[in-house]
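Colleague: Under my numbering, think of the first position of the sequence shown as 1, with each following residue one higher.
Below is one structure. I have some questions about it.
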Amino acid sequence: MMKSYKFRLEPNKEQRVTLKATLDTCRHLYNNALASRKLQAELYRLPMTRQWITVENQIKALPGQKETNEYLPLVHSQVLQDVLRRVNKSFKNFFRHLKNHEKPG
């Protein structure tokens, strides 16, 4: 039998502000990455070059985005990379469900 402990976080005011800013930045990055993939899925239907956005391409683009976005440098790069990996996993699961004729979501 394994023991587990639950601890309630009680951040002070400064920590709450930092935590909220981090979560907001991650939310915006997730939504932007998802929007770019959705746009590409729509463009994929057109007779153009068919090259998908990969998680590696999005991670490589992060340093350039950090220069233009004032909030991205405040969050550690591994956290931002994990957000992009979650978008990738969500997309893969969505298409896997479609392929297996299951209800996605």
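The beta-carbon is built from N, C-alpha and C at its ideal position, and this holds for glycine as well.
Since this is a predicted model, take the numbers as computed values, not measurements.
Can you give me the start and stop residues for the alpha helix (DSSP H) that Ile53 sits inside?
Modeller: Locating residue 53 in the sequence shown gives position 53, counting from the first residue. No alpha helix (DSSP H) holds Ile53; DSSP gives it neither H nor E.
Colleague: If we count the other Cβ atoms within 10 Å of its Cβ and call it buried at 16 or more, is Gln58 buried or exposed?
Modeller: By 1-based counting over the sequence shown, the position of residue 58 is 58. Buried: at least 16 other Cβ atoms inside 10 Å.
Colleague: Within a Cβ cutoff of 7 Å, which residues of the same chain sit near Leu84, ignoring the five residues on either side of it in sequence?
Modeller: Counting from 1 along the sequence shown, the entry for residue 84 is found at position 84. So the qualifying residues of the chain are Ala33, Val55, Gln58 and Ile59.
Colleague: Expressed to the nearest angstrom, what Euclidean distance is found between the alpha-carbon atoms of Ala41 and Leu98?
Modeller: Reading the sequence shown from its first residue, position 41 is the one you call residue 41. Reading the sequence shown from its first residue, position 98 is the one you call residue 98. Cα to Cα, the separation comes out at about 14 Å.
Colleague: Once DSSP output is grouped into helix, strand and coil, what is the label at Arg8?
Modeller: Looking up residue 8 in the sequence shown gives position 8. Here Arg8 sits in coil by DSSP.
Colleague: Indicate whether Val79 and Cys26 have their beta-carbon atoms separated by less than 8 Å.
Modeller: Here the question's residue 79 lines up with position 79 in the sequence shown. Here the question's residue 26 lines up with position 26 in the sequence shown. Cβ atoms of Val79 and Cys26: closer than 8 Å.
Colleague: Using DSSP with H/G/I as helix, E/B as strand and the rest coil, what is Lys3?
Modeller: In the sequence shown, the residue the question calls residue 3 occupies position 3. Lys3: coil per DSSP, three-state reduction.
Colleague: Reducing DSSP to helix, strand and coil, say where Tyr71 ends up.
Modeller: Stepping through the sequence shown from its first residue, residue 71 is reached at position 71. In this structure, Tyr71 counts as coil in the three-state DSSP scheme.
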